[in-house]
Amino acid sequence: MLSQKHNDHQCPIAVEPKSGRFESLERAVVDGGGSLVSASDAAGLVWADAAKPHLLKSVLDASPKIRWVGLPFAGIEPYVPLLDTERVWTCARGVYARPVAEHAVMLGLAGLRGLATFARASRWSPPEGVNLVDGRITVFGAGGITTELVGLLRGFDCEITVVRKSPEPFAGAARTIAYSERASALPGADLVVLALALTPETRHAIDASELAVMEPHSWIVNVARGGHINAEALVKALDDNRIGGACLDVTDPEPLPEGHRLWSHPKVLITPHVGNTREMGVPLLAAHVRENVIRFSRNEPLAGVVSIQDGY
3 MLSQKHNDHQ
13 CPIAVEPKSG
23 RFESLERAVV
33 DGGGSLVSAS
43 DAAGLVWADA
53 AKPHLLKSVL
63 DASPKIRWVG
73 LPFAGIEPYV
83 PLLDTERVWT
93 CARGVYARPV
103 AEHAVMLGLA
113 GLRGLATFAR
123 ASRWSPPEGV
133 NLVDGRITVF
143 GAGGITTELV
153 GLLRGFDCEI
163 TVVRKSPEPF
173 AGAARTIAYS
183 ERASALPGAD
193 LVVLALALTP
203 ETRHAIDASE
213 LAVMEPHSWI
223 VNVARGGHIN
233 AEALVKALDD
243 NRIGGACLDV
253 TDPEPLPEGH
263 RLWSHPKVLI
273 TPHVGNTREM
283 GVPLLAAHVR
293 ENVIRFSRNE
303 PLAGVVSIQD
313 GY
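Numbering-wise, the sequence shown is residues 3 to 314 according to the numbering used here.
This is the structure in structure tokens:
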């Protein structure tokens with residue numbers, strides 16, 4: 003439960019940093035029954051600019067009344083050092099799941115069906131490709147993206163394995179494997195999709211040892227964070243024809259520097275972190291903010307509460 007109760011339609015909320023780009027979030031606060039105030043007078047704070055985490059600390063230091071901080075992305079790595087137990091912290095976990103899952107399916111199809119070859123070709127080339135239909139898919143992560151992905155893959159009759167922190171069964175998956183046993187989920191998989199949170203434990207979830215047990219035709223799709231893959235090990239596996247290829251919407255570092263080997267590798271497809279664009283995401287985030295303002299004003303549990311212990 004929250005530590006401070008507010009009357010409906012009188013909940014003081016700040017949207018920071020101030021910018022005309024965030025009018026939709028300000029409208030969401032008002033639509034949710036909140037009143038827009040300065041951060042120093044706010045009980046709740048909607049942090050609107052994911053690109054400026056360095057400014058948040060000074061705002062919080064100058065605003066002792068804030069009891070709830072709402073962060074704009076599902077991935078909160080830049081904010082982890084600021085997390086505390088004095089406030090309730092929320093993130094947009096699951097908010098962007100549907101467009102990101104759609105992007106993952108698009109990348110998976112592109113990889114398996116040979117688009118990396120055909121898009122670069124300047125002459126008629128031999129056929130290649132593996133079906134997604136009746137395929138074996140391993141998904142790392144058990145959040146909203148995976149839930150949406152399982153639904154989208156239902157029409158492809160895939161056999162899905164989910165890798166998560168614990169082996170608790172995941173709805174729609176044929177099997178669920180604990181993260182510590184992740185290597186056992188890779189042999190036999192046609193497609194490996196990364197859709198998990200980045201933590202110290204999950205950094206380089208895909209490293210040389212994992213790549214070594216994947217199928218020679220298998221493709222990796224990463225719509226999570228670039229740090230989940232050891233890029234050096236990935237390039238070597240691709241050069242050695244150890245795996246089929248990689249479709250990356252996220253990289254490490256990001257943006258990926260010009261001239262990096264991954265840009266020109268014939269077995270790699272890269273999209274510039276567009277699994278969820280601003281145009282797609284703003285309406286979804288606004289709806290999430292509105293719902294949490296309503297809940298905050300009623301002293302109800304908030305959506306997307308961050309685990310301080312786990313850092314996501």
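Here a beta-carbon is modelled for each residue, glycine too, at the ideal position from N, C-alpha and C.
ask   = In the DSSP assignment, what residue or residues form a beta bridge with R177?
value = On the sequence shown, position 175 is the one that residue 177 refers to. Looking at the DSSP assignment, R177 forms a beta bridge with T163.
ask   = How long is the line joining the alpha carbons of E28 and A44, rounded to whole angstroms?
value = For the purposes of this step, residue 28 is taken as the residue at position 26 of the sequence shown. For the purposes of this step, residue 44 is taken as the residue at position 42 of the sequence shown. One C-alpha to the other measures close to 13 Å.
message = Buried or exposed, going by whether 16 or more other CB atoms sit within 10 Å of the CB of A64?
response = Residue 64 sits at position 62 when you count from the first residue of the sequence shown. It counts as exposed.
key: Under 9 Å between C-beta atoms of S299 and Q12   = Your numbering for residue 299 matches position 297 in the sequence shown. Your numbering for residue 12 matches position 10 in the sequence shown. Yes, Cβ-Cβ distance for S299 and Q12 is below 9 Å.
ask   = Are P80 and H56 touching if we call contact CB-CB under 9 Å?
value = Here residue 80 is taken as the residue at index 78 of the sequence shown, counted from 1. Here residue 56 is taken as the residue at index 54 of the sequence shown, counted from 1. Yes, these two residues count as a Cβ contact at 9 Å.
ask   = Could you give the distance in angstroms between the alpha-carbon of H219 and the alpha-carbon of V152?
value = Within the sequence shown, the letter at position 217 stands for residue 219. Within the sequence shown, the letter at position 150 stands for residue 152. Cα-Cα distance, rounded: 22 Å.
Residues bridged to L196 (per DSSP) = The residue you call residue 196 lines up with position 194 of the sequence shown. Note: L196 is bridge-paired with F142, N224 in the DSSP secondary-structure output.
query = How would you write the range of the beta strand (DSSP E) that S37 sits in, first residue to last?
reply = Position 35 of the sequence shown, counted from the first residue, corresponds to residue 37. Residues 36-38.
query = Is the beta carbon of A173 sitting closer than 9 Å to the one on A199?
reply = Within the sequence shown, the letter at position 171 stands for residue 173. Within the sequence shown, the letter at position 197 stands for residue 199. Contact check for A173 against A199 fails: the beta carbons are separated by 9 Å or more.
query = When you compare each of W91, A41, G36, H206 to G229 by their alpha carbons, which one comes out closest?
reply = On the sequence shown, position 227 is the one that residue 229 refers to. It is H206 whose Cα lies nearest to the Cα of G229.
ask   = Hey, out of V252, G145, A214, whose CA is closest to K167's CA?
value = On the sequence shown, position 165 is the one that residue 167 refers to. It is G145 whose Cα lies nearest to the Cα of K167.
query = To the nearest angstrom, how far is it from the Cα of A235 to the Cα of E302?
reply = Counting from one through the sequence shown, the residue named residue 235 turns up at place 233. Counting from one through the sequence shown, the residue named residue 302 turns up at place 300. Roughly 46 Å separates the two Cα atoms.
task = Report the rounded CA-to-CA distance for V223 versus P128, giving the unit in angstroms.
result = Against the sequence shown, residue 223 aligns to sequence position 221. Against the sequence shown, residue 128 aligns to sequence position 126. Rounded to the nearest angstrom, the two C-alpha atoms are 24 Å apart.
inquiry  = Rounding to the nearest angstrom, what Cα-Cα distance links E78 and E104 in this structure?
reply    = As a working mapping, residue 78 is identified with position 76 in the sequence shown. As a working mapping, residue 104 is identified with position 102 in the sequence shown. One detail in the question is off: residue 78 reads as Ile in this sequence, not Glu. Going by the C-alpha atoms only, they are around 22 Å apart.
ask   = Using 8 Å as the Cβ pair cut-off and three pairs as the minimum, do the segment 181-193 and the segment 134-150 touch?
value = Yes, they touch.
query = Between the segment 252-268 and the segment 287-294, do at least 3 Cβ pairs fall closer than 8 Å?
reply = The segment 252-268 vs the segment 287-294: no contact.
message = Suppose only complete runs of 3+ residues qualify. What are the beta strand (DSSP E) ranges in the segment 43-69, listed by chain order?
response = Here the runs fully enclosed are 46-49.
request  = Since I believe D251 is in contact with T273 (beta carbons under 8 Å), could you give me their beta-carbon distance rounded to a whole number of angstroms?
outcome  = Residue 273 sits at position 271 when you count from the first residue of the sequence shown. Residue 251 sits at position 249 when you count from the first residue of the sequence shown. With 8 Å as the limit, T273 and D251 qualify as a contact, their Cβ atoms being about 5 Å apart.
ask   = Do you know how far the Cα of A214 is from the Cα of I245?
value = One-based indexing of the sequence shown puts residue 245 at position 243. One-based indexing of the sequence shown puts residue 214 at position 212. So the alpha carbons of these two residues sit roughly 8 Å apart.
task = Run the CB neighbour count on G113, radius 10 Å, all protein chains shown included, and call it buried at 16 or more, exposed below.
result = To locate residue 113, count along the sequence shown from 1; it is residue 111. Burial state of G113 is buried, judged by a 10 Å Cβ sphere holding 16 or more other Cβ atoms.
ask   = Grouping DSSP H, G and I as helix and E and B as strand, with all else coil, what is T87?
value = Here the question's residue 87 lines up with position 85 in the sequence shown. Coil, per DSSP.
query = CA-CA distance, Q6 and E170?
reply = In the sequence shown, residue 6 corresponds to position 4, counting from 1. In the sequence shown, residue 170 corresponds to position 168, counting from 1. Interpretation of Q6 is limited by its pLDDT of 42, a score under 50 that renders its predicted location unreliable; no figure is taken from the coordinates.
task = Consult DSSP for T149 and reduce its assignment to one of helix, strand or coil.
result = Position 147 of the sequence shown, counted from the start, is the residue given in the question as residue 149. Three-state result, T149: helix.
key: Reduced DSSP category for G313 - H, G, I as helix; E, B as strand; rest coil   = Residue mapping note: residue 313 aligns to position 311 of the sequence shown, counting from 1. Three-state result, G313: coil.
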